[in-house]
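See below for the structure under consideration.
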Amino acid sequence: MSRDRPPEGLGKPVSGVPAMTPPDAPIRPTWDYRMPPVAEPPQQPSRTPWVLMAVLGVAMVVGLVTGLVLISPPEDTPPSATSGKMGVDCVPADVPVGDPMDAEDFYRSDPWRYSGDGDYAADRLGVWNHSDCCDVGLSSSQSTLNDLGCGYGIEAAYRSADGHMGIAQLILVFGSDIAAFQAETIDFMSYRLAPDSGIYETDMEIYAYSQSIGNFLVVTIGSIDTSEFDVVERGKYTLGAFHDDFTDDLLFGR
Numbered sequence: 001m002s003r004d005r006p007p008e009g010l011g012k013p014v015s016g017v018p019a020m021t022p023p024d025a026p027i028r029p030t031w032d033y034r035m036p037p038v039a040e041p042p043q044q045p046s047r048t049p050w051v052l053m054a055v056l057g058v059a060m061v062v063g064l065v066t067g068l069v070l071i072s073p074p075e076d077t078p079p080s081a082t083s084g085k086m087g088v089d090c091v092p093a094d095v096p097v098g099d100p101m102d103a104e105d106f107y108r109s110d111p112w113r114y115s116g117d118g119d120y121a122a123d124r125l126g127v128w129n130h131s132d133c134c135d136v137g138l139s140s141s142q143s144t145l146n147d148l149g150c151g152y153g154i155e156a157a158y159r160s161a162d163g164h165m166g167i168a169q170l171i172l173v174f175g176s177d178i179a180a181f182q183a184e185t186i187d188f189m190s191y192r193l194a195p196d197s198g199i200y201e202t203d204m205e206i207y208a209y210s211q212s213i214g215n216f217l218v219v220t221i222g223s224i225d226t227s228e229f230d231v232v233e234r235g236k237y238t239l240g241a242f243h244d245d246f247t248d249d250l251l252f253g254r
């Protein structure tokens, strides 16, 4: 059978009839094929990141020290810590603080030598006991200290062996660990030492640590009388070592 003609019985092709092939499929549906929602979807709640803070006063990590802070000394020097009341209304807090510490006993090291390296040392200049926290020389922040229930404090002043770094430390005792932890945020820039320390001069750079240890708040302040890099770095290391040693004494009851 010839392939040039249609099979018998089918007749001849009809001219002018449109092709019967299906049209091209549409690129996308021309109708909305989705089912309408039953109800408006609930609005997703906003997510706010939170930072978990470890409360040092409750769970103290051995060797953890707050960062060293550089403080610019004010132009006017307030009265010293042992010169009496600061002119702020104050009623000594009636809080349970146990047997009071004695500054002479706690700061018995004279000279102090760093437990980790004896090359870092400081000579003791003086120690003081504060029977309450109404005269620790905190000036404008005194009311905050009183509200937190500070019971009493002890104070010491040292000078590094090279004579360039003056070191002062104030330990305040509170009625609870939480109160001591909250006191870390107090502005201690107005705190000044007893005159014997002699470390506050307008041309000195001042550094500070503030850290709670149980119901104690330890504030360690240092000032350097030079800008020579090596001396400054050694002084900052000495200050941190001093802070570490005495906070460890509190932590381990030495």
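All residue numbers for the sequence shown refer to this note's numbering, where the first residue is 1 and numbers rise by one.
For every residue, glycine included, the Cβ atom is placed at its ideal position computed from N, Cα and C.
Model, not experiment: these values are computed from the prediction.
Give the secondary structure of Y120 by DSSP, where H, G and I count as helix, E and B as strand, and everything else as coil. By one-based count along the sequence shown, residue 120 stands at place 120. Looking at Y120 - three-state DSSP - the assignment turns out to be coil, as it is neither helix nor strand.
How far does the beta strand (DSSP E) with V219 in it reach, from first residue to last? Within the sequence shown, residue 219 is the residue found at index 219, counting from 1. Start and end: 216-224.
Report buried or exposed for V91, applying the criterion of at least 16 other Cβ atoms within 10 angstroms of its Cβ. Taking the sequence shown and counting its residues from 1, the one referred to as residue 91 is at position 91. Counting Cβ neighbours within 10 Å, V91 comes out exposed, since fewer than 16 surround it.
Grouping DSSP H, G and I as helix and E and B as strand, with all else coil, what is H130? Residue mapping note: residue 130 aligns to position 130 of the sequence shown, counting from 1. Reduced to three states, the DSSP call for H130 is strand.
Helix, strand or coil for A180 per DSSP? Within the sequence shown, the letter at position 180 stands for residue 180. Note: A180 maps to helix in three-state DSSP.
Going straight from the alpha carbon of W112 to that of I224, what length do you get? Position 112 of the sequence shown, counting from 1, holds the residue named residue 112. Position 224 of the sequence shown, counting from 1, holds the residue named residue 224. Cα to Cα, the separation comes out at about 18 Å.
Determine the DSSP secondary structure at S109, reduced to helix, strand or coil. The sequence position of residue 109 within the sequence shown is 109, counting from 1. Coil, per DSSP.
Helix, strand or coil: how does DSSP classify S210 here? Indexing the sequence shown from 1 puts residue 210 at position 210. Three-state result, S210: strand.
Ordered along the chain, which non-local residues of its own chain (more than five positions away) have a Cβ less than 7 Å from that of A103? Here residue 103 refers to the residue found at position 103 of the sequence shown. Contacts found: V127, W128, N129, I154, E155, A156.
Could you pull out every residue in the same chain whose Cβ sits closer than 6 Å to the Cβ of T226, ignoring the five residues on either side in sequence? Position 226 of the sequence shown, counted from the first residue, corresponds to residue 226. For T226, where only same-chain residues beyond five positions count, the Cβ hits under 6 Å are H164.
Option nearest G235 by Cα separation, candidates D135, V173, R159: Sequence index remark: in the sequence shown, residue 235 carries index 235 (1-based). Nearest option by C-alpha distance: R159.
Straight-line gap, G166 to G222 (C-alpha atoms, nearest Å): Numbered from 1 along the sequence shown, position 166 holds the residue referred to as residue 166. Numbered from 1 along the sequence shown, position 222 holds the residue referred to as residue 222. Cα to Cα, G166 sits roughly 5 Å from G222.
Distance between L250 and T185 (C-alpha atoms, nearest Å): The residue given as residue 185 occupies position 185 in the sequence shown. The residue given as residue 250 occupies position 250 in the sequence shown. Those two C-alpha atoms are separated by around 20 Å.
S160, DSSP secondary structure in three states: The residue you call residue 160 lines up with position 160 of the sequence shown. In this structure, S160 counts as strand in the three-state DSSP scheme.
Can you grab the Cα-Cα spacing for the pair Y207 / V136, in whole Å? In the sequence shown, residue 207 corresponds to position 207, counting from 1. In the sequence shown, residue 136 corresponds to position 136, counting from 1. Distance between the alpha carbons of Y207 and V136 is about 19 Å.
How would you write the range of the beta strand (DSSP E) that L170 sits in, first residue to last? Looking up residue 170 in the sequence shown gives position 170. 165-174 is the extent of the beta strand (DSSP E) around L170.
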